[in-house]
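>
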Amino acid sequence: MDKIVQIWHNKSCSKSTVASQWLRDKGIEIQYFEYLNEGIQFSDLESVIQKLQIHAFDLIRKNESNFDSNWQKNERSEKEWIELMIEHPNLIQRPIIIKGEKAIVARPLEIIEILF
-14 MDKIVQIWHN KSCSKSTVAS QWLRDKGIEI QYFEYLNEGI QFSDLESVIQ
36 KLQIHAFDLI RKNESNFDSN WQKNERSEKE WIELMIEHPN LIQRPIIIKG
86 EKAIVARPLE IIEILF
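Mapped onto the working numbering, the consecutive letters of the sequence shown carry residue numbers -14 to 101.
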């Protein structure tokens, strides 16, 4: 079993911190991607969305203060939603955990187990 994952991590997010601790407790090696500080490439976010098997709009944290209520209608293209998340990375659901060709948003925490 591959015991290495990548986590799209936000140090100030309690869910991200708890997920990291859960992985460490299981002896899983973590490669951190601090997307708020490092910046996101379009192709990387597009790839993660494909691995999550969701639409870009579904990855957005709609309760963030900078999420404009006018966007609720989901009237943008996939490309436009991805560009919005790159411009405003705090809108991205977290934590995202990637193992090979699979990815999950670790909410609730127990969902991590489906990767192993």
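We treat Cβ as the ideally placed atom computed from N, Cα and C, and that holds for glycine.
Using DSSP with H/G/I as helix, E/B as strand and the rest coil, what is H(-6)?
coil
> For the structure I just gave you, are there three or more beta carbon pairs, one from the segment 27 to 40 and one from the segment 75 to 84, closer than 8 Å?
yes
> Can you tell which of E65, H73 and E60 has its C-alpha closest to the C-alpha of N51?
Closest option to N51, judged by alpha-carbon separation, among E65, H73 and E60: H73.
> Tell me the rounded alpha-carbon separation between N(-5) and R46.
14 Å
> For D43, collect the residues of the same chain with a Cβ closer than 7 Å to its Cβ; drop the 5 residues on either side in sequence, then sort them by chain order.
none
> In chain order, what residues of the same chain lie with their CB nearer than 8 Å to the CB of Y20, ignoring the 5 residues before and after it?
W(-7), H(-6), N(-5), P74 and I77
> Can you list, in chain order, the residues of its chain with a C-beta nearer than 6 Å to that of A91? Leave out the 5 residues immediately preceding and following it.
A4, P80, I82 and I97
> Using only the alpha-carbon positions, how far apart do D29 and K87 sit?
14 Å
> Less than 8 Å between C-beta atoms, sequence neighbours within five positions excluded: which residues of the same chain meet that for Q16?
I(-11), V(-10), Q(-9) and I(-8)
> Suppose only complete runs of 3+ residues qualify. What are the beta strand (DSSP E) ranges in the segment -3 to 45, listed by chain order?
14 to 18
> Are the CB atoms of I71 and I13 nearer to each other than 7 Å?
no
> Where does S62 land, buried or exposed, given buried means 16+ other C-beta within 10 angstroms?
exposed
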